[in-house]
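J.: Using our numbering, the letters of the sequence shown map in sequence onto residues 377 to 719.
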Amino acid sequence: MSQQQSVLYDAPGPRARRVTLIVSVLSAVAAVTAGYFLVYRPLAEREQFTMEKWGPLIDPGNEVFGQVWTLLGEGVTATLTAAGLAIVLSLLFGTALAVLRIQLKALLRRRFTGLATSFALAMRALSWLLNLVTRFCVEVFRGLPVVITIFFVARGLPDLGLEIVLPFGHEMLPYLVLGLTIYNGVVIAEILRSGMEGLPSGQRESAAAIGLTSFQTTRMILLPQAFRIMLPALISQLIVVLKDTSLGFIIGYQETLLVGRTIIQNLRNPIQVYLVIGVLFIAVNYALSKLAESVQRRLAQGRRTSTTPQPPAAPASTVAGQQTPAGTGGSATTGGTATSGSS
């Protein structure tokens, strides 16, 4: 290990370590000094560290402490509800769209031999048209900002007479979830599609050789591998879904950010409230990241276990050029002389 490290880089000598230590200490002192003069003192001069500002958030004895945290709890619940629904629907929609695009590309390569010429041409034209439509939709919704998608869904569908009502949650919950699902679903679809198309082509050829159809190959061979390979990108996108629920305030959805704005209007402490909301988002995102890392680690361990070669069987004893099963109590022939396995 030490030899490998010496090849990769030279170990710093005593002088380099002293210089590194001095620079690190000076940088830390400079950062603390800048934080004190540029952050702490201006906030302290504006009385941002008084209990009048922080009491409603950290002092249980404050008269509005319970009301503030009740509102924040309702906002967090609404945020997690929208995020959970959007994550599940985005995964389902993205997976279906990725499989559809892969199948349409497979149809474009197909010649439809054995069919009538007019029918074959119609099938190829239909495949080309569907591929163009799906690609156009993916590029449009992936290029639009998610806030515009949410706004148009919430305002456009009711104007068209398409109202969505859920038996639970806020009335704007389905529109927020639908907007998040459309945007994140097409992104997840592209992640999975790129994962499947990046696999070696020999896997498709082998699947075709054993008689699997294109859809069976995608469902049983390509898609599971794409999920495993692209899991880090999927995790990042699911965290984006959770953070994007904060955009629900533009359509009046009572999520954490909108609840925080209501609290700020009454208590006049925006820095404190937004700081607490930021900490809540960081905690939830950190927990989701650790959960996803645990799943990824378990999948990697399971794959290593399944691909670990089994130890070879005990070799048969070879005596005088002949093999006899090891551990038997029969006789063995040595140099033409039979010796009994028992005395």
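The beta-carbon is built from N, C-alpha and C at its ideal position, and this holds for glycine as well. Because the structure is a prediction, the values reported are computed rather than measured.
Please classify N642 as buried or exposed, where buried requires at least 16 other C-beta atoms within 10 Å of its C-beta.
T.: Exposed, by the Cβ-count rule.
J.: Would G362 and A602 qualify as a contact pair, given that the criterion is a beta-carbon distance under 8 Å?
T.: The question about residue 362 has no answer here: the residues shown for the chain are numbered 377 through 719.
J.: For T632 versus T409, is the C-beta distance shorter than 8 Å?
T.: Their beta carbons are not under 8 Å apart, which means T632 does not touch T409 by this criterion.
J.: Would you mind working out which of D386, I540, Q613 sits nearest A565, comparing C-alpha positions?
T.: Of the candidates D386, I540, Q613, the one whose C-alpha sits nearest the C-alpha of A565 is Q613.
J.: Can you tell me whether K429 is buried or exposed, with buried defined as 16 or more other CB within 10 angstroms of its CB?
T.: Counting Cβ neighbours within 10 Å, K429 comes out buried, since at least 16 surround it.
J.: How far does the alpha helix (DSSP H) with V529 in it extend, from its first residue to its last?
T.: Start and end: 522 to 535.
J.: Roughly how many whole angstroms lie between the Cα atoms of S665 and A609?
T.: Whole-angstrom Cα-Cα distance: 12 Å.
J.: Assign A458 to one of two classes, buried (16 or more other C-beta atoms within 10 Å of its C-beta) or exposed (fewer than that).
T.: Per the 10 Å Cβ criterion, buried.
J.: What does the Cβ neighbour count give for I526, buried or exposed, with the cut at 16 atoms within 10 Å?
T.: It is buried - the Cβ of I526 has at least 16 other Cβ atoms within 10 Å.
J.: Thinking C-beta only, is Q648 closer than 8 Å to L402?
T.: Against a cut-off of 8 Å, the Cβ pair of Q648 and L402 comes out as no contact.
J.: Return the first residue and the last residue of the alpha helix (DSSP H) that P418 is part of.
T.: Note, P418: alpha helix (DSSP H), 417 to 421.
J.: Enumerate, from N- to C-terminal direction, the unbroken alpha helix (DSSP H) stretches of 4 or more residues contained entirely within the segment 553 to 638.
T.: Correct list: 577 to 585, 590 to 593, 599 to 605, 607 to 620.
J.: How is G705 classed by DSSP in three states: helix, strand or coil?
T.: Confidence in G705 is poor, its pLDDT being 46 and thus under 50, which makes the residue's placement unreliable; the coordinate value appears in the next sentence. Coil.
J.: Do A472 and V553 have their C-beta atoms closer together than 8 Å?
T.: Contact flag unset, no.
J.: Using only the alpha-carbon positions, how far apart do A585 and A474 sit?
T.: Looking at the two C-alpha atoms, the distance is approximately 24 Å.
J.: Mark T557 as exposed unless 16 or more other C-beta atoms lie within 10 angstroms of its C-beta, in which case mark it buried.
T.: Its Cβ being crowded by 16 or more others within 10 Å, T557 is buried.
J.: Following the continuous alpha helix (DSSP H) through A496, name the residue where it begins and the one where it ends.
T.: From DSSP, the alpha helix (DSSP H) with A496 extends over 493 to 519.
J.: Give a yes or no on whether the C-beta atoms belonging to V617 and S466 are separated by under 8 Å.
T.: Taking 8 Å as the Cβ cut-off, V617 and S466 qualify as a contacting pair.
J.: Report buried or exposed for M596, applying the criterion of at least 16 other Cβ atoms within 10 angstroms of its Cβ.
T.: M596 comes out exposed.
J.: Skipping 5 residues on each side, what residues in its chain have a beta carbon closer than 6 Å to that of N645?
T.: Excluding positions up to five away in sequence, the list reads K429.
J.: Measure the C-alpha to C-alpha separation of V660 and K481 and round it to an integer number of angstroms.
T.: The straight-line gap from Cα to Cα measures roughly 39 Å.
J.: If you draw a straight line from the C-alpha of D435 to the C-alpha of R518, how long is it?
T.: Distance between the alpha carbons of D435 and R518 is about 45 Å.
J.: In the DSSP assignment, find the alpha helix (DSSP H) that holds V395 and state where it starts and stops.
T.: Start and end: 390 to 411.
J.: Pull up the CB-CB distance for G470 and G561, whole angstroms please, since I reckon it's below 8 Å.
T.: Right, their Cβ atoms sit about 4 Å apart.
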